[in-house]
Amino acid sequence: MNELSKEQLKEAIKAVWIRSLTEIQPDVINALQAARAAETGVRAKQYLDILIENALTATRNHTVICQDTGVPTFFIRTSLGFPYYGSLRDAFDEALHELTMGEFPMRPMVVDPLTREDRCDNTGVNVPLLHIELEEGLDYMEIMAMPKGAGSGFWGTLAFLPPSAGVEGVKKFVVDSVLRAGSNPCPPLIVGVGIGGPLEEVARLATVASARPIDRPNPRPDLARLEQELKDALNMSQIGPMGVGGDTTVIGVNIETSGSHKPWLPVAVNVNCWPGRKAKCRVYADGRVEQIPC
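If you count the sequence shown from 1, you need to add 168 to reach the working numbering.
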């Protein structure tokens with residue numbers, strides 16, 4: 169049986185990370201173009217044109233969509249039987265180090281939270297962030313890369329509401345969170361909402377939600393309706409593209425849920441800027457890499 173080598177895995181990590189920085193995904197560009205077609209504001213249309221051209225130019229020229237390449241974050245799906253026996257941490261650390269130091273120069277964006285020490289290679293304690301999910305029967309390792317910059321990440325919010333707040337309380341918290349952010353996170357936004365679980369889970373859910381294709385509603389009908397209600401409400405704010413006013417403040421609202429403890433109703437909001445940067449690949453034991461949309 170083939171065994172994936174560390175060098176093969178590193179090459180896959182590098183490729184998917186670069187794609188996440190340079191390629192606009194189909195769901196996002198389609199949403200931006202649809203928003204441009206429906207937009208009634210003159211200045212908003214002009215700004216949407218600029219954003220669309222920026223994304224398409226970056227994809228075409230293989231250059232970063234945004235200079236803030238963010239905190240390297242990866243979601244990994246594989247099985248216990250997948251034949252990679254090395255250290256995942258070492259592979260991801262080395263891949264980001266080698267990219268930043270010369271193969272694909274990026275601004276070093278990761279520092280120690282207190283001392284502000286900078287390794288200058290986009291690595292740090294526990295960074296790259298690795299979220300690993302085991303799923304029986306997979307014959308590949310799926311890697312989704314998500315850069316998370318501070319411009320939008322700064323505006324994430326989390327609250328433990330009383331259960332009596334209910335759906336209306338969730339709606340108010342999400343709308344208030346986005347209104348508080350205003351134009352700061354570079355709208356039009358992709359808003360991920362996590363509901364349920366303890367603290368660490370609700371924050372993870374919000375991040376996972378923001379990565380789901382924005383043209384794929386939640387399979388639960390009540391949550392799909394809530395996603396649309398929130399999107400409509402937020403677009404009534406008239407914050408508009410880059411804060412210039414207009415009908416397009418958000419291009420997507422995605423919700424993910426988890427079981428919750430009886431005494432609380434946790435809600436987290438993860439705000440993503442307009443490119444919704446992400447990329448996904450699957451790596452097989454023989455070293456073959458399949459780049460897939462996400």
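Every residue, glycine too, gets a C-beta built ideally from N, C-alpha and C.
Ranked by Cα distance from arginine 384, the first of Leu329, Gly420, Met314 and Gly411 is Gly420. Annotated three-state conformation of phenylalanine 272 is coil, per DSSP.
The three-state reading of DSSP puts methionine 277 in coil, since its state is none of H, G, I, E or B. Classified as exposed, leucine 248 has fewer than 16 neighbouring CB atoms from the shown chains inside 10 Å of its CB.
Within 10 angstroms of the beta-carbon of glutamine 176 lie 16 or more other beta-carbons, which makes it buried. A direct Cα-to-Cα measurement between leucine 267 and threonine 246 gives close to 24 angstroms. The criterion of a C-beta distance shorter than 9 angstroms is satisfied by glycine 364 and serine 426. For the set Gly292, Asn229 and Met309, the Cα lying nearest the Cα of glutamate 191 is the one of Asn229. A straight line joining the alpha-carbon of leucine 347 with that of leucine 357 spans about 12 angstroms. Between proline 315 and the set Glu262, Thr225, Ser378 and Gly270, the nearest pair of CA atoms involves Ser378. Within the same chain, Leu326, Gly362, Val370, Ala371 and Ala374 come within 6 angstroms of alanine 436 by CB-CB distance, once the 5 residues on both sides are set aside. The Cβ atoms of glycine 337 and asparagine 422 lie no closer than 9 angstroms to each other. It is roughly 29 angstroms from the alpha-carbon of proline 330 to the alpha-carbon of serine 351.
Excluding the 5 residues flanking it on each side, cysteine 462 has same chain C-beta neighbours closer than 8 angstroms at Gln193, Met312, Ala379, Pro381, Lys446, Ala447 and Lys448, in chain order.
In this structure alanine 205 does not touch aspartate 415 by the C-beta definition: roughly 11 angstroms separates them, more than the 8 angstroms allowed.
In the DSSP assignment, glutamate 301 falls within the beta strand (DSSP E) that extends over 297-302. Shown here for alanine 223: same chain residues with a beta carbon closer than 8 angstroms to its own, the five before and five after excluded, namely Ile192, Val196, Ile197, Leu200, Ile233 and Pro443 in chain order. With fewer than 16 other Cβ atoms inside 10 Å of its own Cβ, tyrosine 253 counts as exposed. In this structure, the straight-line span from the alpha carbon of leucine 172 to that of alanine 453 is close to 5 angstroms.
Proximity to leucine 256 across Asp390, Phe328, Lys399 and Lys178 peaks at Lys178, based on C-alpha coordinates.
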